[in-house]
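A.B. asks: If you scroll down you'll find the structure; I have some questions about it.
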Amino acid sequence: MDDTAPIDRAARIIDSEAAHIRARVAESGRRLQSPAAALTAATEILNLRSRYFGVTGEHFGIQDFDGIRVIDALDERLLKGLHEILKKFVAAHRRSPDLRLLAMLTEKISPGFTDMPQYPVAYMVLYLLRTAFDRFQNLADAGAHDLAELEHAFVHHLLGLVDKFVQTRERPVWRHFSDVAREYSVVSRLKCSCGDEKFDVKRQSLCQRKGAPPYDRLDLSCKACGAEKTILFDLPHFQDMYRI
Ligand SMILES: [Zn+2]
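Counting from 3, one number per residue, gives the positions in the sequence shown under our numbering.
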């Protein structure tokens with residue numbers, strides 16, 4: 003069996019879906035004339051997730067290592083695209099939002115944000131964003147605030163949430179720690195072929211190789227059936243640790 007094939011397939015899906023996200027971000031970024039338009043653009047970008055979930059699911063199990071890897075990579079692209087759109091809106095509309103409304107939104111629609119891990123994985127942030135959109139809709143429907151002002155504050159609120167994530171993926175050192183934090187999140191989502199979802203990490207080892215960044219090797223065993231599994235994680239930002 004050719005075991006490089008799934009890796010190639012995964013890379014191809016990531017490349018083509020990431021290109022699709024970039025194209026849609028570029029297109030949506032041209033229609034940001036009002037807070038409402040920015041929120042529509044943000045929703046359109048977030049909705050792209052169902053598309054790459056579908057494409058990935060045709061080739062991989064969504065709870066298999068390859069499937070999780072593809073979804074995580076595309077979730078990150080999606081959040082970076084969303085970040086780009088929100089930043090573009092804020093740069094073009096310099097007026098500050100009503101700070102009282104902004105504080106109210108933070109308290110009422112994203113209380114879970116403080117419970118997020120220091121290095122959240124993209125899907126956690128996407129879940130929080132979905133919840134925020136739902137709660138925002140309820141607030142807007144209640145009609146107690148001027149809608150345009152509320153929307154303006156919400157765009158800033160969203161940018162704040164997404165920016166925290168993007169920083170963990172772009173800042174040197176932070177991005178390495180967030181790669182490592184993601185490893186355990188992947189293990190917690192993996193499903194064994196016996197149907198159980200609980201793998202134990204038996205051993206974690208940092209592996210060096212010549213002329214390339216090191217990688218982590220995790221040896222796992224299923225708590226239910228004892229099946230063993232080894233997964234590898236690239237650590238492309240490992241060198242950050244020596245540059246501080
Ligand atoms: Zn098992």
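Ideal placement from N, C-alpha and C gives every residue a C-beta, glycine not left out.
State the Cα-Cα distance for the pair Arg219 and Ser207, rounded to the nearest angstrom.
C.D. replies: Residue mapping note: residue 219 aligns to position 217 of the sequence shown, counting from 1. Residue mapping note: residue 207 aligns to position 205 of the sequence shown, counting from 1. Roughly 5 Å between the two C-alpha positions.
A.B. asks: Can you give the Cα-Cα distance for Thr232 and Leu141, rounded to whole angstroms?
C.D. replies: Working through the sequence shown from its first residue, we reach residue 232 at position 230. Working through the sequence shown from its first residue, we reach residue 141 at position 139. Approximately 47 Å, taken between the alpha carbons.
A.B. asks: With Val27 and Glu86 assumed to form a contact (beta carbons below 8 Å), what rounded beta-carbon distance in angstroms separates them?
C.D. replies: Numbered from 1 along the sequence shown, position 25 holds the residue referred to as residue 27. Numbered from 1 along the sequence shown, position 84 holds the residue referred to as residue 86. 6 Å between Cβ atoms; contact.
A.B. asks: Taking only the alpha-carbon atoms, compute the straight-line gap between Ile15 and Pro122 and give it to the nearest angstrom.
C.D. replies: Within the sequence shown, numbered from 1, the residue matching residue 15 stands at position 13. Within the sequence shown, numbered from 1, the residue matching residue 122 stands at position 120. Their Cα atoms are separated by approximately 23 Å.
A.B. asks: Which residues bound the beta strand (DSSP E) around Ile73?
C.D. replies: What you label residue 73 is simply residue 71 of the sequence shown in a count that begins at 1. Note, Ile73: premise wrong, no beta strand (DSSP E); alpha helix (DSSP H) at Phe67 to Ala94.
A.B. asks: Beta-carbon separation of Cys194 and Phe201 under 8 Å?
C.D. replies: Along the sequence shown, read from residue 1 onward, the residue named residue 194 stands at position 192. Along the sequence shown, read from residue 1 onward, the residue named residue 201 stands at position 199. Result yes, Cβ atoms of Cys194 and Phe201 sit closer than 8 Å.
A.B. asks: Name, in chain order, the residues that DSSP records as bridge partners for Phe201.
C.D. replies: Residue numbering aside, residue 201 sits at position 199 when the sequence shown is read from its first letter. In DSSP, Phe201 forms a bridge with Cys224.
A.B. asks: Is DSSP giving Tyr129 helix, strand or coil here?
C.D. replies: Within the sequence shown, numbered from 1, the residue matching residue 129 stands at position 127. Of the three classes helix, strand and coil, the one that applies to Tyr129 here is helix, per DSSP.
A.B. asks: Taking the alpha carbon of Val164 as the point to measure from, which residue in Ser36, Leu48 and Leu234 has its own alpha carbon closest?
C.D. replies: Along the sequence shown, one-based indexing puts residue 164 at 162. When each option's Cα is compared against that of Val164, the closest is Leu48.
A.B. asks: Once DSSP output is grouped into helix, strand and coil, what is the label at Ala146?
C.D. replies: Numbered from its first residue, the sequence shown carries residue 146 at position 144. Ala146: coil per DSSP, three-state reduction.
A.B. asks: Rounded to whole angstroms, what's the CA-CA distance from Thr133 to Pro113? Just pull it up for me.
C.D. replies: By one-based count along the sequence shown, residue 133 stands at place 131. By one-based count along the sequence shown, residue 113 stands at place 111. In a straight line, the C-alpha of Thr133 is about 10 Å away from that of Pro113.
A.B. asks: Please tell me whether Ser223 and Ala229 are closer than 8 Å, where the distance is taken between their beta carbons.
C.D. replies: Sequence index remark: in the sequence shown, residue 223 carries index 221 (1-based). Sequence index remark: in the sequence shown, residue 229 carries index 227 (1-based). The answer is yes: Cβ separation under 8 Å.
A.B. asks: Hey, would you say the C-beta of Asp202 is under 7 Å away from at least one heavy atom of ligand 1?
C.D. replies: Numbered from 1 along the sequence shown, position 200 holds the residue referred to as residue 202. Result no, Cβ not under 7 Å from ligand 1.
A.B. asks: Taking 7 Å as the cut-off, is the CB of Ala226 close to at least one heavy atom of ligand 1?
C.D. replies: As a working note, residue 226 is residue 224 in the sequence shown. Yes, the Cβ of Ala226 comes within 7 Å of a heavy atom of ligand 1.
A.B. asks: Pull the bridge partners of Lys231 from the DSSP assignment, please.
C.D. replies: As a position in the sequence shown, residue 231 is number 229, starting the count at 1. According to DSSP, which records beta bridges pairwise, Lys231 is partnered with Leu222.
A.B. asks: Just the Cα atoms here: how many angstroms apart are Gly31 and Lys225?
C.D. replies: In the sequence shown, the residue the question calls residue 31 occupies position 29. In the sequence shown, the residue the question calls residue 225 occupies position 223. So the two alpha carbons sit approximately 47 Å from each other.
A.B. asks: Taking the continuous alpha helix (DSSP H) assigned at Thr45, which residues delimit it?
C.D. replies: On the sequence shown, position 43 is the one that residue 45 refers to. Start and end: Pro37 to His61.
A.B. asks: Determine which residues share a DSSP beta bridge with Gln169 and list them.
C.D. replies: The residue you call residue 169 lines up with position 167 of the sequence shown. According to DSSP, Gln169 bridges with nothing at all.
A.B. asks: Helix, strand or coil: which one does DSSP assign to Leu208?
C.D. replies: Here residue 208 refers to the residue found at position 206 when the sequence shown is read from its first residue. Reduced to three states, the DSSP call for Leu208 is strand.
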